[in-house]
Every structure is written in C-alpha cells, then in structure tokens.
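In the UniProt record's numbering, the protein residues as written are 1 to 110.
Think of the CB as a built atom: it goes at the ideal place given N, C-alpha and C, for glycine as much as any other residue.
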Amino acid sequence: IEAKDWMPDAYRQNLIRQIGQHAHSEVIGMLPEANWLTRAPTLRRKAVLLAKVQDEAGHGLYLYSAAETLGCSRQDIYQKMLDGKMKHSSIFNYPTPNWAAIGVIGWLVG
1 IEAKDWMPDA YRQNLIRQIG QHAHSEVIGM LPEANWLTRA PTLRRKAVLL AKVQDEAGHG
61 LYLYSAAETL GCSRQDIYQK MLDGKMKHSS IFNYPTPNWA AIGVIGWLVG
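Laid out in structure tokens, this is it:
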C-alpha cells in the first residue's frame with residue numbers, strides 16, 4: 001500500500017502514530033549519545049559515536065518525511081509529542097552517567 005492509496009482513516013492515523021513514535025525515538029535516542037561526543041575516551045570512539053548520532057538523526061528525518069506523505073505535518077507530530085499524545089521509547093529517559101551506559105543503550109536498542 002502506498003501513501004496516496006485509499007485506506008481507512010483509522011489505519012492512516014495508526015500508521016502516522018507508529019511512524020511518529022519511531023521517528024521520535026530515533027531523534028531522542030541520539031541525545032544521550034550526543035552528550036558523550038565531547039567525553040568519548042578516544043578519538044576513534046568519538047568518530048564512531050558521531051557516525052551513530054548522525055545515522056540516528058537521518059533515520060528520524062526519513063521517518064518524519066514518511067509521516068508527511070500520509071498527510072500529517074511535521075509540526076503536528078512534534079506538537080503531539082510535546083503534548084504527551086505521542087510517545088518515544090522510554091529507555092532514552094534514563095541517564096547515561098558513564099561511557100559504559102552508552103554501550104549498554106547501543107546494545108539494547110541497536
């Protein structure tokens with residue numbers, strides 16, 4: 001099924017919700033890792049982490065674009081998240097107090 005194809009409105013709204021939640025999780029998921037970019041223990045690890053953060057941001061942008069093809073504006077999706085009407089993965093709510101926590105998140109989520 002393509003975005004322009006007919007589909008029941010409830011199905012379209014469910015797709016927008018699922019894609020939006022996934023997009024939020026990609027973008028919010030990069031934040032704990034991005035906080036460690038300046039504190040990575042080696043230059044090599046910093047480069048790997050930077051690539052991962054950029055990759056997650058790109059995934060989020062692709063997903064927001066996919067939701068837009070279904071008729072929902074990006075601003076709408078952002079506002080739903082800010083209003084608590086659209087969620088993101090809760091693992092990103094936990095602090096990353098050390099470098100090992102970044103590895104654990106990468107292992108659990110990646």
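In three-state DSSP terms, what is LYS46? For LYS46, the three-state secondary structure derived from DSSP is helix.
Residue from LYS87, THR38, ALA10 with nearest C-alpha to TRP99: When only C-alpha atoms are compared, the closest one is THR38.
On the DSSP letters alone, give me the boundaries of the alpha helix (DSSP H) that TRP99 sits inside. Counting along the chain, the alpha helix (DSSP H) containing TRP99 begins and ends at 99 to 109.
Which listed residue (HIS59, ILE28, GLY106) has its alpha carbon closest to that of LEU82: Checked all of HIS59, ILE28, GLY106; the closest Cα to LEU82 is ILE28.
Residue interval of the alpha helix (DSSP H) (run including LYS80): For LYS80, the enclosing alpha helix (DSSP H) begins and ends at 74 to 82.
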